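Q: Next up is a structure, given as structure tokens.
Number of protein chains: 2
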Amino acid sequence: MKELHWIAVDWGTTHLRAWAMGADGRVLAEAQSDEGMGRLAREAFEGALLRLVDPWIAGRPAPVPVVAGGMVGARQGWVEAPYRAVPCPPVAPGTLVPAPVNDPRLAVGIVPGLMQAAPPDVMRGEEVQIAGALALAPDFDGAICLPGTHSKWAQLSAGEVVSFQTQMTGEMFALLSTQSVLRHGLADGWDEAAFDGGVAEGAARPERLLSHLFRIRAEGLLQGLPGAAARARLSGLLIGAEIASARPWWLGLPVLLIGAGPLTALYARALVAEGVTARALDATDCTLAGLMLAAGATIGVTE
Amino acid sequence: MKELHWIAVDWGTTHLRAWAMGADGRVLAEAQSDEGMGRLAREAFEGALLRLVDPWIAGRPAPVPVVAGGMVGARQGWVEAPYRAVPCPPVAPGTLVPAPVNDPRLAVGIVPGLMQAAPPDVMRGEEVQIAGALALAPDFDGAICLPGTHSKWAQLSAGEVVSFQTQMTGEMFALLSTQSVLRHGLADGWDEAAFDGGVAEGAARPERLLSHLFRIRAEGLLQGLPGAAARARLSGLLIGAEIASARPWWLGLPVLLIGAGPLTALYARALVAEGVTARALDATDCTLAGLMLAAGATIGVTE
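Below, the structure written as structure tokens:
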């Protein structure tokens, strides 16, 4: 691939995505697999990457820069990329950590995650998206929310992540909807009014989450709460509780949402119920813009 | 077994326990198995019971009364025993629901659970223990807490359950400690100071549960929080959040705890941190006393 300047990689616990990038931030090709960090031993990362990018780098005489963000830099990843401490810019020049490779056509650098000493917190991957969001919305000051398995709320000021907080909302939804007693009363489908009711209940009394959850089961048994409504209510309860307990993070500030479509839409809807109109940015756009920043700052291949 | 007057049965989702009872509430024999309601089809209940009690009823000419409480009376159980609505006494005369049997030596009655219409809630099995607690502590008025997979808080007045609330604390601990990202940082063992710290944090800010939980992971990564301390902290966070959000249930009232040893001790310890000294009753004592009430009131075999 002649026009290839570098390769952008988003490498999480359960997924691997790669983009062949041109000179001007143009995406030439894209590939993905389920070879996430969670199922790879240290020596298996290079092979997993090559399975995606080999067609792009065939016949290259010199190493192609690869910039990767996410759990690939965890202690159990390809190589540990030590956390940078906030307050700091989400990505910064000269901080990529080189990963060991055998193939001379690859030069891999990993974006370090961020840590906060007190209260203790960590992120890996979201810092790339936050950097990208700042590139797409320059001079943004306020709160950034990244819904997901482990939702993040970050406070941004003058281009720096001042502080951040993680909530286990997404993982809790997955566990409760598939592994807990609540699964018996849940079904596919969606009920917007039930979601709104859950948000209202969760946000009004976030401290009652453990009893609100069981009420879903009780309403199923006593009042025949339909499965789709139960599922939407569970989602609303958790998101409502998250947003209410994150109030100090967004109160009086502009809010930017980064995430995949449907989940981000739910957060936007729940925030409106709290009187907040959030601007939403596409997660992939943010990831690519952030990786481009990381690549440009340290490898100098983008303009 | 000549002295056998009746058989007491505690039949939950995952366990089955039976006691051979004499005339005066004396326990003549005891047996248990893991044939809980969760793994039995409707037609398999009688056989599971007989595997335990057959030696006791060998050669009996007339049916032996069997009184069973717990999930055995659920819709998916042996026979559905419809909920009784609070406010009401925890068990009442004439409410046992007969289960269909083929063996002429058995006459099985199932104790109905309790329901609350608003807010919707249900219990099955705990009503037996509450009845037993009232038998062991006559004239008790106040709050009864039953720690467990689904913790119950009940308000008792003049021998009636006035209202009750379920919290998913125990199931949440099980899910989080074995299925969530937190499992990576947990190990066997216990750390009392970490438990106390978790209780204090959880009780002070129960609305922040979703972020407090992730902090356990972050402290493991950043500060090397030992696995035993992480496990104790998780338990403390959940129990602290439960007790704080149940404050309207116990504030200014005497509190009675019913439960298995170690878990009840943790709740007692956490309640002391909130300024409450709870009296504790053994769960099995309460179960037997409650089943005896149910049996005596309706079958008339105890004196």
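Quick note, the sequences are listed as chains A and B, same order. Residues in the first sequence are numbered consecutively from 549, following our numbering. Residues in the second sequence are numbered consecutively from 549, following our numbering. Cβ coordinates follow ideal geometry from the N, Cα and C atoms, glycine included. Just so it is clear, the structure is predicted and the values come from calculations on it, not from any experiment.
(1) Tell me the DSSP secondary structure of A792(A) in three-state form.
(2) For H698(A), go through chain B and note every residue whose CB falls closer than 8 Å to its CB, in chain order.
(3) I want to see whether chain B comes within less than 9 Å of Q703(A), judged by CB atoms only; does it?
(4) Is the beta carbon of L804(A) closer than 9 Å to that of F712(A)?
(5) Spatial neighbours of W626(B) within its chain, please: C-beta separation below 6 Å, excluding the five flanking residues on both sides.
(6) Interface residues of chain B around P754(A) at Cβ under 7 Å?
(7) Taking only the alpha-carbon atoms, compute the straight-line gap between A577(A) and F762(A) and give it to the nearest angstrom.
(8) Since V824(A) and G784(A) are thought to touch, with beta carbons under 8 Å apart, how far apart are those beta carbons, to the nearest angstrom?
(9) Could you confirm whether any beta carbon from chain B is found closer than 9 Å to the beta carbon of G848(A)?
(10) List the residues of chain A that D669(B) touches, going by C-beta distances under 8 Å, in chain order.
(11) Answer with yes or no whether the minimum CB distance from E719(A) to chain B is below 9 Å.
(12) Using a beta-carbon distance below 9 Å, is T714(A) in contact with chain B?
(13) Taking only beta carbons into account, state which residues of the segment 582-616 of chain B come closer than 7 Å to chain A, listed in chain order.
(14) Could you tell me the alpha carbon to alpha carbon distance between D830(A) and W738(B), rounded to whole angstroms?
(15) Using only alpha-carbon positions, find the residue among Q715(B), M671(B), E583(B) and L734(B) that is nearest to V709(B).
(16) For the segment 636-663 of chain A, which residues have a CB atom closer than 9 Å to at least one CB atom of chain B, in sequence order?
(17) Examine chain A for any beta-carbon lying closer than 9 Å to the beta-carbon of R632(B), and answer yes or no.
(18) Which partner residues does C693(B) have in the DSSP bridge list?
(19) Establish whether the CB of A681(B) and some CB of chain A are separated by less than 9 Å.
(20) Which whole-angstrom value describes the C-beta separation of T835(A) and Q677(A), a residue pair presumed to lie in contact below a C-beta threshold of 8 Å?
(21) I'd like the span of the beta strand (DSSP E) that includes P613(A), first residue to last.
(22) Could you tell me the distance, in whole angstroms, from the CA atom of M663(B) to the CA atom of K700(B)?
(23) Kindly list, in the order they appear in chain A, the residues whose Cβ is closer than 8 Å to that of S783(B).
(24) Using 9 Å as the limit for Cβ to Cβ distance, is E578(B) near chain A?
(25) Smallest Cα separation from G673(B): which of R753(B), W554(B), V615(B) and V649(B)?
(26) To which residues of the same chain is R608(A) closer than 6 Å at the C-beta, ignoring the five residues directly before and after it?
(27) Work out the CA separation of A706(A) and D651(A) for me, nearest whole Å.
(28) Quick one: grab the DSSP three-state call for M840(A).
(29) Considering E551(A), what are the terminal residues of the beta strand (DSSP E) in which it resides?
(30) Roughly how many angstroms lie between the CA atoms of V659(B) and A679(B), to the nearest whole one?
(31) Verify whether the separation of the beta carbon atoms of A685(B) and L841(B) is less than 9 Å.
(32) Out of R587(A), E790(A), R632(A) and A777(A), state which residue places its alpha-carbon closest to the alpha-carbon of L758(B).
(33) Under a Cβ-count criterion, where at least 16 other Cβ atoms within 10 Å of its own Cβ denotes burial, should E740(B) be classed as buried or exposed?
A: Walking through what the data contain:
(1) helix
(2) V729 and F762
(3) Judged by the 9 Å Cβ criterion, Q703(A) is not in contact with chain B.
(4) no
(5) F593, V620 and A647
(6) E755
(7) 47 Å
(8) Going by Cβ atoms, the distance from V824(A) to G784(A) rounds to 16 Å, so no, they are not a contact pair.
(9) Any answer about G848(A) is weak, because its pLDDT of 46 lies below 50 and its placement is not dependable; what the coordinates show is given next. Answer no: the Cβ-Cβ gap between G848(A) and chain B never drops below 9 Å.
(10) F762, R763 and A766
(11) So, interface residue.
(12) yes
(13) Residues: none.
(14) In a straight line, the C-alpha of D830(A) is about 44 Å away from that of W738(B).
(15) M671(B)
(16) M663
(17) no
(18) W701(B) and L805(B)
(19) no
(20) 6 Å
(21) V612 to G617
(22) 12 Å
(23) Within chain A, no residue comes near S783(B); the closest Cβ sits about 13 Å away, beyond 8 Å.
(24) no
(25) V615(B)
(26) R653
(27) 40 Å
(28) helix
(29) Per DSSP, E551(A) lies in no beta strand (DSSP E) and is assigned neither H nor E.
(30) 11 Å
(31) no
(32) E790(A)
(33) exposed
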